[in-house]
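For reference, the structure is listed below as structure tokens.
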Amino acid sequence: MSSMGSSSDISMENAPESPNLPTFQADFSDTYEESEDEFITSDEELLSGMISNDESRQHYGQATSLADHTEYFTKSIANAMESLSLDKSLVAQAQLSGQINNKNQQLIEMNEQLCSRLESLKQQYECHIARTRLGTLERDLDNINSRIEALKSGAKKSVLFGSGKLV
401 MSSMGSSSDI
411 SMENAPESPN
421 LPTFQADFSD
431 TYEESEDEFI
441 TSDEELLSGM
451 ISNDESRQHY
461 GQATSLADHT
471 EYFTKSIANA
481 MESLSLDKSL
491 VAQAQLSGQI
501 NNKNQQLIEM
511 NEQLCSRLES
521 LKQQYECHIA
531 RTRLGTLERD
541 LDNINSRIEA
551 LKSGAKKSVL
561 FGSGKLV
């Protein structure tokens, strides 16, 4: 009979599962829901334990509401914002920002001064050097070039000396 029992066990294992097992499915879903509830409550217990470290909390181990969490985080942020180190860093940042803005303003003013000086130098160059001096220099260079060409080509007979030969 033991061999029969083993053959029936084998046949039961190979047989497809019947949908007539509602108790098994219900038990599985119940245990799954219980484990999920335990997981959620364990998170709530951890959060409530963290919140209970605050002196204003009188209850320990109880699940807290969203308003309690909001209040806790609001107080945490407020305490962080009021800290002395944050104030010191904000002061240092403000001073550095002020110094950078001052240097930037000085650079802008110096740039404007340089642009105005450059414009005045351009006007002075056009007025005093470009018109008169360069015109005179160009005429002198043309005169010198013509004399050099005359010397290169040889002496031309001039009207004053005529065509006479010196003996």
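First residue of the sequence shown? That's 401 in our numbering, and the numbers climb one at a time after it. From the three backbone atoms N, C-alpha and C, an ideal C-beta is built for every residue, glycine too.
Hey, how far is the Cα of residue i from the Cα of residue j?
i	j	result
Y472	Q493	29 Å
D542	I548	10 Å
N501	D540	55 Å
T470	L490	26 Å
N511	Q505	10 Å
T532	E526	9 Å
E433	L466	Since pLDDT at E433 reaches only 49, below the 50 mark, its modelled position is unreliable, and the value read off the structure follows with that caveat. Their Cα atoms are separated by approximately 22 Å.
E509	G498	17 Å
K503	D468	49 Å
H528	G535	11 Å
L507	K488	29 Å
Quick one: residues in its chain with C-beta nearer than 7 Å to the C-beta of residue i, no 5 flanking neighbours on either side, listed in chain order?
i	result
C515	none
E343	With the chain running from 401 to 567 in the structure shown, residue 343 is simply not present.
How many whole angstroms separate the CB atoms of residue i and residue j, which I take to be in contact at a CB cut-off of 8 Å?
i	j	result
L486	A478	Actually they do not touch by this definition, with Cβ atoms about 12 Å apart.
Got a sec? Which residues, its chain only, sit under 6 Å from residue i by beta carbon, not counting five neighbours each side?
i	result
A550	none
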